[in-house]
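Structure first, then comments.
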Amino acid sequence: MKGDLFSSEHMVQPATAPGMTVENAKCIRYAVSGEMLARQGAMIAYRGSLQFERKGQGVGGLLKRAVTGEGLPLMAVRGQGEAWFAHEAQNCFVVELDPGDEFTVNGRNVLCFDATLSYRIATVKGAGITGGGLFNSVFTGQGRLGLVCEGSPLVIPVSAQYPVYVDTDAVVGWSAGLGTSLHRSQSIGSMLRGGSGEAVQLMLSGEGYVVVRPSEATPQKAQQH
6 MKGDLFSSEH MVQPATAPGM TVENAKCIRY AVSGEMLARQ GAMIAYRGSL
56 QFERKGQGVG GLLKRAVTGE GLPLMAVRGQ GEAWFAHEAQ NCFVVELDPG
106 DEFTVNGRNV LCFDATLSYR IATVKGAGIT GGGLFNSVFT GQGRLGLVCE
156 GSPLVIPVSA QYPVYVDTDA VVGWSAGLGT SLHRSQSIGS MLRGGSGEAV
206 QLMLSGEGYV VVRPSEATPQ KAQQH
């Protein structure tokens with residue numbers, strides 16, 4: 006067979022190293038030698054001797070959304086082989102964490118990660134129930150974290166002189182050391198008259214970076230298991 010479909014642009018080549026790499030803009034490849042963790046339902050193909058184990062609610066509760074109460078169930082992938090992960094054709098990115106690093110991320114943006122990373126649920130300080138990211142997950146340790154994002158994300162520097170205000174439905178994550186609080190950008194009178202529709206944002210202050218996707222939250226599709 007011939008044609009553009011079978012060109013080198015689309016043809017998968019053998020993995021050159023274990024672990025996580027970006028296969029293309031919409032997919033992450035993981036060369037598994039032992040164990041890794043991924044979002045349930047995100048595996049689109051694999052080869053080799055791999056086993057997929059659904060994780061219980063204890064781990065699935067890691068990535069909760071405050072407004073809907075949804076959890077993001079995880080699965081462990083074990084063995085020797087290669088697996089490819091994607092989610093709704095969203096763009097894929099890899100974040101490398103070193104010892105001492107910390108990255109807070111919204112659960113909807115997590116695709117897969119190294120088993121060497123530690124994680125915990127954290128309440129976003131200052132964000133009440135109106136904050137779309139009331140519960141986020143905090144990753145620490147050494148390893149790689151695969152993320153998905155609708156469109157190309159914006160990485161905005163945050164400084165003490167210039168705090169950044171983000172829509173709670175658009176924020177993907179932020180680096181360690183940033184303080185968070187809710188900021189109301191319009192008066193009660195303006196809200197009663199209709200306002201701009203952007204009444205409350207999450208303010209990030211300190212020194213670091215915030216990652217924002219170029220779209221607000223869309224209605225969540227039912228989880229398929």
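Position one of the sequence shown corresponds to residue 6 (my numbering), numbered consecutively onward.
Glycine included, every Cβ here is placed at the ideal spot set by N, Cα and C.
Buried or exposed by the 16-neighbour rule on C-beta atoms within 10 Å, applied to residue i
i    : result
A127 : exposed
M6   : exposed
T21  : exposed
E212 : exposed
R103 : First, the amino acid is wrong: residue 103 is Asp here, not Arg. It counts as exposed.
H92  : buried
G202 : In this prediction, G202 has a pLDDT of 48, which is less than 50 and means its spatial position is unreliable; nothing more can be read from the coordinates.
T73  : Reliability fails at T73, whose pLDDT of 38 lies under 50, so the model's placement of it is uncertain and the value that follows must be treated cautiously. By the 10 Å Cβ count, T73 comes out exposed.
Span of the beta strand (DSSP E) around residue i
i    : result
Y167 : Where Y167 is concerned, there is no enclosing beta strand (DSSP E), given that its DSSP letter is neither H nor E.
N29  : G24 to N29
M208 : V205 to S210
R59  : M48 to R59
L187 : G184 to R189
N96  : N96 to L102
A127 : L122 to T128
Rounded separation between residue i and residue j - CA only
i    : j    : result
Q95  : Q166 : 33 Å
D9   : T26  : 24 Å
E28  : G39  : 20 Å
G151 : V129 : 22 Å
M241 : V215 : The structure shown does not extend to residue 241, since the chain spans only 6 to 230, so no value can be given for it.
R83  : G184 : 37 Å
G111 : G178 : Per the sequence shown, residue 111 should be read as Asn rather than Gly. C-alpha separation (whole angstroms): 6 Å.
A175 : E58  : 31 Å
T135 : S142 : In this prediction, T135 scores a pLDDT of 44, lower than 50, which makes its location untrustworthy; the coordinate-derived value is nonetheless stated afterwards. The straight-line gap from Cα to Cα measures roughly 18 Å.
L79  : K60  : 6 Å
G105 : A120 : 17 Å
D172 : G53  : 42 Å
Selected residue, minimal CA-CA separation from residue i, among the options
i    : options                  : result
Q85  : L209, S123 and M41       : M41
I161 : P219, N111, T26 and L79  : P219
T145 : Q56, S13 and A181        : A181
G24  : L122, R113, F108 and L79 : L122
V209 : V217, A47, V163 and I49  : One detail in the question is off: residue 209 reads as Leu in this sequence, not Val. The shortest Cα separation from L209 among V217, A47, V163 and I49 belongs to V163.
G156 : C117, V217 and Q45       : V217
A43  : H15, V205 and N114       : N114
Q45  : S13, E107, M16 and A81   : A81
Minimum Cβ-Cβ distance from residue i to chain E less than 8 Å
i   : result
C97 : Absence of chain E from the displayed structure is noted, only one protein chain being present.
For the structure I just gave you, are there three or more beta carbon pairs, one from the stretch 80-99 and one from the stretch 30-42, closer than 8 Å?
yes
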